[in-house]
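In the numbering used here, the protein residues as written are 328 to 771. Where is the CB? At the ideal position from N, CA and C, for every residue including glycine.
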Amino acid sequence: MRYRALDITLGARRCGVLFQYGQGAGALMRLQPDPDYWRDPQAPVLSWGARQDNERGRALFLADAARQPFFNGQGERLPAFFQNLLPEGPLRKHLEQLRGCAPDDHMEILAMCGEDLPGNVYAWPLPEDREAMRKVVTQDNDALEMSVIESPVAGATSLSGIQPKLGLVEQGGRYVARTRDRTDGVHIIAKLPAVEYPLLPEVEELSLRLARAAGVTTCRAVLRPVRDIAAQDQPFTLEPGRQFLAVQRFDRHAGGHIHCEDFAQILGIEPGDKYNDPQGRASYAAMLVTLGQGMGLGEDAMHEVMRRLMVNEMLGNYDAHVKNFGVLYPDGLRPALSPAYDVVAYAAYIQGHGHALKFFPGAPERAQIGPALVRDLCNLTGMLEPKLKKVLNDTVAKAVEAWPGMIEDSALQDVQKVRLLEHFRSVPAVVSLMRRKVRRNPGA
């Protein structure tokens with residue numbers, strides 16, 4: 328039987344051994360937990376979804392590791408937390424070709440990106456140790472075929488999302504690939520032009536500025552010419568004269584990595600279910616309750632999420648799924664809502680309305696924010712309705728004041744400006760505000 332293994336660490340702290348035993352649907356894929364880490368009440372948080380509040384809870388969770396979904400994958404699929412560390416889209420395909428591995432070889436891709444995964448997680452290939460792993464996996468009852476996973480590839484960065492992306496380091500105005508010898512500088516995600524979406528970097532940069540103008544805390548991003556990316560570090564053919572979006576990574580700083588996780592990881596949802604989880608966990612209410620009550624971040628964090636959802640609705644960002652919201656652990660223990668990221672006004676390209684997720688189980692698909700939905704959401708999450716209404720009204724008012732001019736002055740195509748403005752002015756919350764303005768100033 329085939330056996331492969333990776334040592335999983337959170338920074339320098341060992342969390343366990345992630346191993347695959349066997350092949351195909353019958354394979355055993357599991358994180359064998361390190362008891363010292365999982366019993367330690369002061370251990371840095373790997374995932375909020377696996378955190379236990381007391382000694383008894385930690386002991387029971389550890390003792391039941393063979394049945395806990397957090398530790399176990401299905402067949403050759405990694406557990407959901409680790410699946411959500413893997414890159415997606417064109418970058419994933421590029422890395423598969425570079426490694427020469429199968430498209431669904433989760434272990435190989437995780438190992439390839441093991442030194443530059445999201446947050447502070449590392450995955451290190453383990454040397455062959457037949458006897459030690461025979462006791463853990465096979466209980467001396469089976470033949471064991473050791474398969475050594477190759478070491479991480481320097482510069483192989485794991486980035487989620489379908490847009491073409493690169494993980495780079497900014498050094499003196501130039502953008503170069505991260506290598507073992509080249510890690511100093513500002514770590515950025517380079518979001519590249521896409522053939523099917525004209526001016527996508529420009530649309531996202533404008534979307535982030537519009538979100539900030541409406542009061543949202545966003546990641547830092549600037550447009551740069553593609554010529555600023557070192558030629559040898561361009562795995563895709565980039566058209567001269569185009570721009571890319573340089574997004575500063577909020578999980579990196581001069582001292583190293585800051586741990587983070589997205590809500591697919593927190594809620595235990597596989598990437599393929601990020602829009603519609605069969606167990607009904609993928610909803611905005613689930614995220615709000617986790618932030619406000621589970622993590623103890625209160626109404627401020629919940630209001631910020633609602634502000635972002637209102638902005639998404641006005642922008643026509645129809646793709647805000649569970650992986651597009653997350654938390655940081657600045658001190659390794661206490662979570663904080665991460666800045667908004669992957670904010671894109673898809674209304675500049677296609678018509679639509681509503682949101683990627685249901686607000687709560689049983690809510691209508693693609694619902695828009697209105698009085699009835701706000702009331703239902705407050706009843707479910709514990710938010711105070713008057714306070715939330717004020718947050719949403721203030722957000723819409725700021726957008727109505729600032730957005731039309733910002734859109735008109737942008738570098739978007741004329742047709743994109745028209746689509747975006749038409750969508751914005753059709754959003755029920757915007758229509759309602761404009762009607763109130765007319766009633767207050769009938770002669771204006």
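Can you tell me which of the three DSSP states residue i falls into?
i, result
"SER737", "coil"
"SER610", "strand"
"THR544", "coil"
"PRO662", "coil"
"HIS421", "helix"
"GLU749", "helix"
"LEU572", "strand"
"TYR524", "strand"
"HIS580", "strand"
"LEU594", "helix"
"VAL649", "helix"
"ILE436", "helix"
"ALA483", "Per-residue confidence for ALA483 stands at a pLDDT of 49, beneath the threshold of 50, marking its modelled position as unreliable; no derived number is given."
"LEU715", "helix"
"ARG426", "helix"
"ASN399", "strand"
"LEU550", "strand"
"GLY338", "coil"
"GLY709", "coil"
"ARG536", "helix"
"GLY376", "helix"
"GLY343", "strand"
Please classify residue i as buried or exposed, where buried requires at least 16 neighbouring CB atoms within 10 angstroms.
i, result
"GLY427", "exposed"
"VAL758", "exposed"
"LEU345", "buried"
"ALA557", "exposed"
"THR544", "exposed"
"LYS717", "exposed"
"PRO445", "buried"
"GLN743", "buried"
"GLN347", "buried"
"LEU333", "buried"
"PHE408", "buried"
"ASP627", "exposed"
"ASP299", "For residue 299 there is no data in the structure shown, the boundaries of the chain being 328 and 771."
"ALA393", "exposed"
"LYS764", "exposed"
"HIS586", "buried"
"GLY689", "exposed"
"MET733", "exposed"
"ARG702", "exposed"
Taking 7 Å as the line, does the beta carbon of residue i fall inside it for any heavy atom of the ligand SAH?
i, result
"LEU707", "The model depicted lacks the ligand SAH and carries no ligand whatsoever."
For residue i, which residues in the same chain have their Cβ closer than 7 Å to its Cβ, ignoring the five residues on either side in sequence?
i, result
"PRO362", "LEU389"
"ARG762", "none"
"VAL616", "THR708"
"GLY349", "MET328, ARG329 and LEU355"
"HIS433", "GLU403, ARG404, LEU405, GLN410 and LEU413"
"GLY653", "CYS587, GLU588, ASP589, PHE590 and SER665"
"MET272", "With the chain covering only 328 through 771, there is no way to say anything about residue 272."
"LYS518", "GLN490, LYS492, PRO528, GLU531, PHE571, LEU572 and VAL574"
Which residues in the same chain have their Cβ closer than 6 Å to the Cβ of residue i, if we skip the five residues on either side of it in sequence?
i, result
"LEU533", "SER737"
"PRO666", "THR544, THR545, CYS546 and PHE577"
"ASN706", "none"
"LEU535", "THR545, ALA548 and VAL670"
"MET641", "ALA726, PHE751 and VAL754"
"ASP431", "none"
"VAL553", "LEU565, ARG569 and PHE571"
Starting from residue i, trace the beta strand (DSSP E) in both directions and tell me its first and last residue.
i, result
"ILE516", "513-518"
"VAL503", "501-504"
"CYS325", "The question about residue 325 has no answer, for the chain in this structure spans 328 to 771."
"ALA672", "Taken as a continuous stretch (DSSP letters only), ALA672 belongs to no beta strand (DSSP E), as it is neither H nor E."
"VAL496", "492-498"
Which first and last residues belong to the alpha helix (DSSP H) in which residue i is found?
i, result
"ARG635", "625-642"
"TRP365", "362-365"
"ALA386", "382-390"
"VAL448", "No alpha helix (DSSP H) holds VAL448; the beta strand (DSSP E) holding it covers 448-452."
"ARG766", "755-767"
"PHE687", "Note, PHE687: premise wrong, no alpha helix (DSSP H); not H, not E."
"GLN410", "407-410"
What residues are listed by DSSP as bridge partners for residue i?
i, result
"TYR348", "TYR330 and LEU355"
"GLU442", "Beta-bridge pairing links GLU442 to no other residue."
"ARG702", "BP columns for ARG702 are empty, so no partner."
"LEU618", "Per DSSP, none; premise fails for LEU618."
"TYR602", "TYR602 pairs with nothing; no bridge assigned."
"ILE556", "TYR502"
"ARG693", "For ARG693, which the question treats as bridged, DSSP gives no partner whatsoever."
"LEU655", "CYS587 and ALA663"
Spatial neighbours of residue i within its chain, please: C-beta separation below 8 Å, excluding the five flanking residues on both sides.
i, result
"GLY542", "ARG634, ASP721, THR722 and LYS725"
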